[in-house]
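Residue numbers (this note's numbering): 3 to 271.
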């Protein structure tokens, strides 16, 4: 296990008004980094884990877990952790104190997509089509690992954007029991000629909270996100809440941060 160092600072000597003084500086540690071998994927995966301030090995208190796709340090892990920390301050009270589990990518185009019959998809993304194995890794290896080694409770949230939003949508449709809350942002539902939106049957949902957000991202992205919302708005049960948001002024590159903040507000508050 490695610690995630946000800023590395060394002890050094500076001169102040002609006098020499020693200034001690230390590293800021954000969380833990786990290298976990997956027998399903037959490869090691890097998992970044952030624990809330009141987390303690000596306490019996347990916490919800937020699973973040595109969760490496140089992807979305740091800024989503910042949202969770800020939102869980008592004076903000936006989101409960939560463990954040960021899943780093090896090949996101493979892991986040199911096989496509589209010639264009196949040509542009030759490694695509491995989402089933990746979902099984999450369900059968990663979630049990977190539950065994960390003080997690039974509430699980997934955050996915772009191809990650496609994967989160696939999980919601095929394995809805995997998570309680789904935050789906700018999902790439155009994949495989929008086949995920053309199924004859969709699962009845029970006890779910779903947020779907999309920015100013063009007709196809906006239309398919709205279509996904309409499917579950029609199918939902009384104890399932679904929200759709159009993020005016934001595009595919910058919609995620605001969308997640708004999703926390709608799902948890």
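Ideal placement from N, C-alpha and C gives every residue a C-beta, glycine not left out. What you are looking at is a predicted structure, and each value in this text was computed from that prediction instead of being measured.
Only counting the same chain, and skipping five residues up and downstream in sequence, which positions put a Cβ closer than 7 Å to that of residue i?
i: residue 96; result: 89, 266, 267, 270 and 271
i: residue 263; result: 85
i: residue 81; result: 259
i: residue 48; result: 35, 37, 74 and 106
Would you kindly work out how many angstroms separate the C-alpha atoms of residue i and residue j, rounded to a whole number?
i: residue 248; j: residue 213; result: 11 Å
i: residue 253; j: residue 66; result: 30 Å
i: residue 157; j: residue 181; result: 8 Å
i: residue 205; j: residue 245; result: 18 Å
i: residue 2; j: residue 26; result: Residue 2 is absent from the structure shown; the chain starts at 3 and stops at 271.
i: residue 92; j: residue 216; result: 29 Å
Quick check on residue i: buried or exposed, where buried means 16 or more other Cβ atoms within 10 Å of its Cβ?
i: residue 113; result: buried
i: residue 77; result: buried
i: residue 24; result: exposed
i: residue 164; result: buried
i: residue 277; result: Here the chain has residues from 3 to 271 only, and residue 277 is not among them.
i: residue 123; result: buried
i: residue 251; result: exposed
i: residue 28; result: exposed
i: residue 222; result: exposed
i: residue 236; result: exposed
i: residue 62; result: exposed
Can you list, in chain order, the residues of its chain with a C-beta nearer than 6 Å to that of residue i? Leave out the 5 residues immediately preceding and following it.
i: residue 4; result: 35
i: residue 120; result: 194 and 195
i: residue 167; result: 186, 187, 188 and 189
i: residue 109; result: 129
i: residue 218; result: 253
i: residue 238; result: 207 and 244
Check whether the Cβ atoms of residue i and residue j lie closer than 9 Å to each other.
i: residue 229; j: residue 201; result: no
i: residue 243; j: residue 208; result: no
i: residue 52; j: residue 83; result: yes
i: residue 64; j: residue 141; result: no
i: residue 72; j: residue 220; result: no
i: residue 144; j: residue 57; result: no
i: residue 87; j: residue 54; result: yes
With a CB to CB cut of under 8 Å and the five nearest residues on each side skipped, what residues in its chain are close to residue i?
i: residue 137; result: 169, 172, 173, 176, 177 and 180
i: residue 46; result: 37, 38, 39 and 40
Open item on the list: For the pair the stretch 148-166 and the stretch 98-111, tell me if three or more CB-CB distances fall below 8 Å.
Closed with: yes
TODO: Decide yes or no for the touch test of the stretch 168-178 against the stretch 122-129: beta carbon pairs closer than 8 Å, at least 3 of them.
DONE: no
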